[in-house]
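Okay, structure first, notes after.
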Amino acid sequence: MQQDMTRGPVLPALLRFTIPLFIGNMFQQFYNMADTVIVGRFVGEGALAAVGSTGTVMFLIMGFAVGITSGFSIPTSQFFGAGDEKGVKDTIGTGTLLTLIIAVLMTIFSSLMVDKLLVMMNTPADILQDARSYLSVICNGLSACILYNLFSGYLRAVGNSQAPLFFLVFSSILNIVLDLVLILNFHMGVAGAALATVLSQGISAVLCVIYIVLKVKILVPERDQWRIKMHIAAKQMKMGIPMALQFAITASGTMIMQTAINLFGSTAVAAFTAASKVQNLLTQGMLSMGQTMATYCGQNYGKGDLERLKTGVKRAVQVEIIYSLLAAALFYLLLPNMVALFFSGDAGIAELLPWARTYATVSMIFYIPLSFIFIFRSAMEGCGSALLVLCCGIVEFVARCAVAFISMQVKSYLLAVACDPAAWFAAAVFSLFAFNHVMKGVAARLGSVKK
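Using my numbering, the first residue of the sequence shown is number 6, and each one after it goes up by one.
Here's what the structure looks like:
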């Protein structure tokens, strides 16, 4: 179902779009957690640490891909908001062909870089082979993950968040089933967990295409639109490349943070992996509202309704502050029981919990700045200000790296886990000022158009 977010009460429109995204993102995190629990309990703590150590590399690779596909869908939402059906279809034809080319190039490049990245990050020797096996399978199946994100992004661009929810739930359940089959029955270890992810997302991508062809005709280009139109490609690349670089820069900083944590051994890595999985689950509300703002602002920017755009951002900030406080409280209260899910044996859990608790305590204090990043960055994306979004990523990178390097010099785990909060605070301050700058620019442009 398409949703025109340029009309009607603002808060209900935001919540109607956000709730399916939130449910879908929660399912995705549940399957990520289930994936981790299955690996930790049935393959072992070392395997869990190996999978966890690849998380930042995967964030680098997948973040770049998600940035590209998200950027490609922004012009789609702007054309949809302006009521330009031909423009919508042009973005689909051009964007899909560009994405196929990028997916092939990224698969080749990432497969060649796996070993170098893992060694560069000081991955502990006892988990290096498992980390290599897991990441190699993911990289070889990268096209499936990229196309799944692209088609889901197109659906969200026209206000349809229900269909992506269905495909995400389906993908999550299928992933868990394949995890159990490939690990328990075929004894494939961490490679089986990676293969389950690739297969489930590939099947979901195919189902997404079938749904679009049958149900969402506005997203089905005519035959002559299945070619790369340079003016559309330029518009999409103008958004996609800075957003991809922003993800890549943020991920690079996270890799440096992971490098700092790796220095404390596989136990610290396993604890960090488990606690970060819990945090990822609890922060999905912030992410979901951010995804909503990209579509909401894109449609209202396309229509030229600045006041409605600004009202939506204010409502989103209010919701995010309340959610951030609840998420922080839940993180503190639920952490021991949630971490225990990932491991077997009370002695092992007792050893891991102090490391996890330190990470949680430092992180949750800064959830409100984190939520501001999601809102203001996504709002700027919707308005087409990709370069400022990239600058926000650079600010994150500098802050995260500065704290990481200090932590490695003084060998402080406390400072190592403070990398993220430092980055969140710095980027939140920057994004607030950047968003105000964007709003002034939009107001000036709209004023000149009306004259």
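For every residue, glycine included, the Cβ atom is placed at its ideal position computed from N, Cα and C. Remember, it's a predicted structure, so these values are computed and weren't measured experimentally.
With residue i as the anchor, note down where its alpha helix (DSSP H) starts and where it stops.
i	result
GLY245	235-267
ASN523	Outside the modelled stretch of the chain, which goes from 6 to 456, sits residue 523, for which no answer is possible.
CYS213	194-220
THR81	60-86
PHE191	Premise fails: PHE191 is in no alpha helix (DSSP H) and is neither H nor E.
ILE106	90-125
ASN180	167-185
PRO129	First-last for PRO129: undefined, no H or E at that position.
PRO226	Segment: none, PRO226 is in no alpha helix (DSSP H) and carries neither H nor E.
ARG12	Premise fails: ARG12 is in no alpha helix (DSSP H) and is neither H nor E.
LYS319	311-345
CYS388	Neither: CYS388 is in no alpha helix (DSSP H) and is coded neither H nor E.
ALA299	289-308
VAL422	418-422
Short of 8 Å in beta carbon distance, which residues of its chain neighbour residue i, apart from the five on each side in sequence? Order them along the chain.
i	result
PHE379	MET291, LEU292, MET294, GLY295, MET298 and GLU325
LYS456	In this prediction, LYS456 scores a pLDDT of 45, lower than 50, which makes its location untrustworthy; the coordinate-derived value is nonetheless stated afterwards. There are no such residues.
SER116	SER141, CYS144 and ASN145
LEU123	SER58, THR59, VAL62, LEU133, ALA136, ARG137 and LEU140
VAL454	Any reading at VAL454 must be qualified, since the residue scores a pLDDT of 49, below 50, and its modelled position is unreliable; the value itself is stated next. Closer than 8 Å at Cβ, skipping near neighbours: GLY309.
PRO129	ALA54, SER58, ASN267, GLY270, SER271 and VAL274
ALA355	none
Determine the contact status of residue i and residue j, defining contact as a CB-CB distance below 7 Å.
i	j	result
LYS308	THR11	yes
ALA54	VAL344	no
GLY207	SER75	no
THR300	ARG137	no
ASP9	ASP184	no
ALA276	LEU357	yes
LEU16	ARG313	no
ALA361	ALA279	yes
LEU26	SER166	yes
MET31	GLN284	no
PHE381	SER436	yes
ALA249	PHE77	no
VAL119	LEU346	no
ALA52	VAL195	yes
MET244	ALA391	yes
MET111	LEU155	no
ALA432	VAL367	no
ALA384	PHE440	yes
GLY461	PHE252	No answer is possible for residue 461: it lies beyond the span of the chain, which begins at 6 and ends at 456.
TYR372	ALA334	no
LEU65	ALA239	no
ASN180	ALA210	no
GLN304	PRO80	no
PRO374	PHE430	yes
GLN33	SER177	yes
ILE223	GLU386	no
Below 7 Å CB to CB, which residues in the same chain sit around residue i once its five sequence neighbours on both sides are set aside?
i	result
GLN230	LYS94, ASP95 and GLY98
CYS388	CYS302, TYR306, VAL443 and VAL447
GLY258	GLU401, PHE402, ARG405, CYS406 and ALA428
ILE411	LEU420
ILE28	LEU170
LEU187	MET193, GLY197, LEU200 and ALA201
What residues in its chain sit with their C-beta under 6 Å from that of residue i, if we drop five residues either side in the sequence?
i	result
LEU102	ILE233
ILE24	none
CYS150	GLN206
ALA198	ASP40, VAL44 and ASP184
ILE246	none
PHE336	LEU287, ALA365 and MET369
LYS282	MET38 and THR41
VAL203	GLY146 and ALA149
Would you say residue i faces chain D, with C-beta separation under 7 Å as the test?
i	result
ALA18	Among the protein chains of the structure shown there is no chain D, as only one such chain exists.
**Prompt:** On the three-pair Cβ rule with 8 Å, is the stretch 230-241 touching the stretch 393-411?
**Reply:** Segments in contact, no.
**Prompt:** How about the stretch 170-189 and the stretch 209-220: do they share at least three Cβ pairs that are nearer than 8 Å?
**Reply:** With three or more CB-CB distances shorter than 8 Å, the stretch 170-189 counts as touching the stretch 209-220.
**Message:** Is it the case that the stretch 77-85 contacts the stretch 258-275, given that we only count it when at least three CB pairs across the two stretches are under 8 Å?
**Reply:** Not touching, per the Cβ criterion.
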